[in-house]
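Following: one structure in structure tokens, then a few remarks.
Put into structure tokens, the structure is as follows:
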């Protein structure tokens, strides 16, 4: 049985780390040197990615709901204000309506998938906003949907002359899927001269697994929850059904992007797809869809168990694909609670949690030094305390647990990061 106090303490550790790095400003201050990116041969810090910082805002919200610590709520609200009032950019859609878009990292690609992940923070914080903010936040969310569904007359960054009528595929075998957005570089390091349209960038309309999950299934599901608008519900259902149809008999989903399947990315597709599918499960209240998901769930569960390593996580620790798999543990928890009380699923979930909680592993796995991993672990661990807390808001009184914040911070001292912890533990 999992120790909720230990899990809550790790969430406090992550949330205090987030406060120290001032994510409310829109950037991560004092970026960990271990998480530098290599761009055009030079090592740089990617500290303003909206999906990364959006995940941190959601972790802060979850930890606030668990502990009642106001500092977490305030920092999350500061970042959400940044996203809405400073980072959002406006453009006329192909139908003349006002749309809103964001880029993934400063002055880089318009990656719809990253935006979908980031926007979940706006839903998560929505109940704690004043009326003006509620109106403004909902407005940008709905205008983003207009951008996705109606496109624009030209690339907003002027790197490509091609306009878009929207990225939602409405006919053919890929109906329901979403495209990427606008790109300026290859989608995989092995590709040279990849893309269409030439110039400094190109429009990418072909099915993308991740944008279908994070924008189609995830964002549109919570937009429907917020508004009751059947248009959002239809988009979310179509996207979720496309994802379910993509799963193989073995229980995994291919990472499909720009007309290719990237075979070496084993976990990214399933990680993000499961988050989108469970968001649709929670918010759409569609019996037929729920039946389809429950039918698909056993084979997905078997795949997740088959690729879990003996330590309890998935993939190669700290590797690119290996940093995007924590949601598999969330799925195992959901499976045990909603599909079948399968001891193997529960044991595998607990094994992952135990591995990360062990101070000999925490830093090496990436908590406190790999920014993507740190956010993903926070979200998944919150769901271990209160089911799907990372996706929804609680219907119970805050704080959810009666733990003293100072006691949790005392426990969290054992996870204080140290560079010498970047070596795998010895068996």
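Numbering (the numbering used here), first residue to last: 44 to 470.
Where is the CB? At the ideal position from N, CA and C, for every residue including glycine.
Need the endpoints of the alpha helix (DSSP H) that residue 183 sits in, please.
Within the chain shown, numbered from 1, the residue matching residue 183 stands at position 140. From DSSP, the alpha helix (DSSP H) with residue 183 extends over 174 to 193.
Indicate the three-state DSSP secondary structure (helix, strand or coil) for residue 202 in the structure shown.
Position 159 of the chain shown, counted from the start, is the residue given in the question as residue 202. Coil.
Is it the case that the Cβ atoms of residue 417 and residue 57 are separated by a distance below 7 Å?
Along the chain shown, one-based indexing puts residue 417 at 374. Along the chain shown, one-based indexing puts residue 57 at 14. Yes, these two residues count as a Cβ contact at 7 Å.
With DSSP as the reference, label residue 127 as helix, strand or coil.
Along the chain shown, one-based indexing puts residue 127 at 84. In this structure, residue 127 counts as helix in the three-state DSSP scheme.
Count the other CB atoms within 10 Å of the CB of residue 133; is the residue buried (16 or more) or exposed (fewer)?
Stepping through the chain shown from its first residue, residue 133 is reached at position 90. Residue 133 is exposed by the Cβ-count criterion.
Burial state of residue 48, where buried means 16 or more other Cβ atoms lie within 10 Å:
In the chain shown, residue 48 corresponds to position 5, counting from 1. Exposed, because fewer than 16 other Cβ atoms sit within 10 Å of the Cβ of residue 48.
Who are the near neighbours of residue 91 in its chain, counting only those whose CB is closer than 7 Å to its CB and skipping five residues on each side?
In the chain shown, counting from the first residue as 1, residue 91 sits at position 48. If we look at residue 91 and ignore the five residues flanking it on each side, its Cβ neighbours are 69, 70, 148, 149.
Apart from the five residues on each side of it in sequence, which residues of its chain come closer than 6 Å, Cβ to Cβ, to residue 337?
Your numbering for residue 337 matches position 294 in the chain shown. Around residue 337: 382.
C-beta atoms of residue 206 and residue 214 nearer than 7 Å:
As a first step, residue 206 is located in the chain shown; it is residue number 163 there, counting from the start. As a first step, residue 214 is located in the chain shown; it is residue number 171 there, counting from the start. Contact: no.
Within 7 Å, strictly: CB atoms of residue 119 and residue 444:
One-based indexing of the chain shown puts residue 119 at position 76. One-based indexing of the chain shown puts residue 444 at position 401. In this structure, residue 444 does not lie closer than 7 Å to residue 119 by Cβ.
Return the bridge partner residues of residue 351 from the DSSP annotation.
Here residue 351 corresponds to residue number 308 of the chain shown, with the count starting at 1. Paired residue(s): 357.
Taking just the CA atoms, how far does residue 371 sit from residue 112?
Taking the chain shown and counting its residues from 1, one reaches residue 112 at position 69. Taking the chain shown and counting its residues from 1, one reaches residue 371 at position 328. One alpha carbon belongs to residue 112, the other to residue 371, and they sit about 28 Å apart.
Out of curiosity, what's the CA-to-CA distance linking residue 274 and residue 313?
Translated into the one-based positions of the chain shown, residue 274 becomes position 231. Translated into the one-based positions of the chain shown, residue 313 becomes position 270. Taking the straight line joining both Cα atoms gives about 26 Å.
Taking the alpha carbon of residue 345 as the point to measure from, which residue in 192, 442, 291 has its own alpha carbon closest?
By one-based count along the chain shown, residue 345 stands at place 302. For residue 345, the nearest C-alpha among the options comes from 291.
What first and last residue would you give for the beta strand (DSSP E) that runs through residue 134?
Position 91 of the chain shown, counted from the first residue, corresponds to residue 134. Run containing residue 134: 132 to 135, per the beta strand (DSSP E) assignment.
If we ignore side chains and look at the alpha-carbon of each, how far apart do residue 322 and residue 67 end up?
Here residue 322 is taken as the residue at index 279 of the chain shown, counted from 1. Here residue 67 is taken as the residue at index 24 of the chain shown, counted from 1. Between residue 322 and residue 67, the C-alpha separation is close to 25 Å.
Measuring CB to CB, does residue 395 end up less than 7 Å from residue 355?
Position 352 of the chain shown, counted from the first residue, corresponds to residue 395. Position 312 of the chain shown, counted from the first residue, corresponds to residue 355. Yes, these two residues count as a Cβ contact at 7 Å.
Residue nearest to residue 432 in terms of C-alpha spacing, selected from 104, 363, 153, 256
Start at 1 with the first residue of the chain shown, and residue 432 comes out as number 389. Measuring from the Cα of residue 432, the nearest candidate turns out to be 104.
What did DSSP end up calling residue 333 once you bin it into helix, strand or coil?
In the chain shown, residue 333 corresponds to position 290, counting from 1. Residue 333: helix per DSSP, three-state reduction.
Closest residue to residue 264 among 254, 255, 279 (Cα-Cα distance)
Indexing the chain shown from 1 puts residue 264 at position 221. The residue with the shortest Cα to Cα distance from residue 264 is 279.
Taking the beta carbon of residue 82 as the centre, do at least 16 other beta carbons fall within 10 Å, making it buried, or is it exposed?
Taking the chain shown and counting its residues from 1, the one referred to as residue 82 is at position 39. Residue confidence for residue 82 is low, a pLDDT of 45 falling below 50, so the modelled location carries little weight; the figure read from the coordinates is stated next. Classification for residue 82: exposed.
Provide the residue span of the beta strand (DSSP E) that contains residue 275, from first to last.
Numbered from 1 along the chain shown, position 232 holds the residue referred to as residue 275. Careful: residue 275 lies outside any beta strand (DSSP E), inside the alpha helix (DSSP H) at 273 to 289.
Would you call residue 271 buried or exposed, if buried means 16 or more other Cβ atoms sit within 10 Å of its Cβ?
Locating residue 271 in the chain shown gives position 228, where the first residue counts as 1. Exposure of residue 271 is indicated by the presence of fewer than 16 other C-beta atoms within 10 angstroms of its C-beta.
How about residue 211 and residue 192: are their beta carbons less than 7 Å apart?
Working through the chain shown from its first residue, we reach residue 211 at position 168. Working through the chain shown from its first residue, we reach residue 192 at position 149. Their beta carbons are under 7 Å apart, which means residue 211 touches residue 192 by this criterion.
Pairwise C-alpha distance: residue 93 and residue 404
Here residue 404 is taken as the residue at index 361 of the chain shown, counted from 1. Here residue 93 is taken as the residue at index 50 of the chain shown, counted from 1. Answer to the nearest angstrom: the Cα atoms are 27 Å apart.
Are residue 251 and residue 294 touching if we call contact CB-CB under 7 Å?
Reading the chain shown from its first residue, position 208 is the one you call residue 251. Reading the chain shown from its first residue, position 251 is the one you call residue 294. Contact: no.
Let me know the secondary structure DSSP gives residue 224 once reduced to three states.
Here the question's residue 224 lines up with position 181 in the chain shown. It is a strand residue.
With DSSP as the reference, label residue 51 as helix, strand or coil.
Your numbering for residue 51 matches position 8 in the chain shown. Helix at residue 51.
Leaving out five residues on either side along the sequence, give the residues of the same chain with a beta carbon under 8 Å from the beta carbon of residue 470.
Walking along the chain shown from the start, residue 470 turns up at place 427. The pLDDT assigned to residue 470 is 38, lower than 50, so where the model puts this residue is not dependable, and the model offers no usable value.
Short Cβ contact (7 Å threshold) for residue 141 with residue 177:
By one-based count along the chain shown, residue 141 stands at place 98. By one-based count along the chain shown, residue 177 stands at place 134. The answer is no: Cβ separation not under 7 Å.
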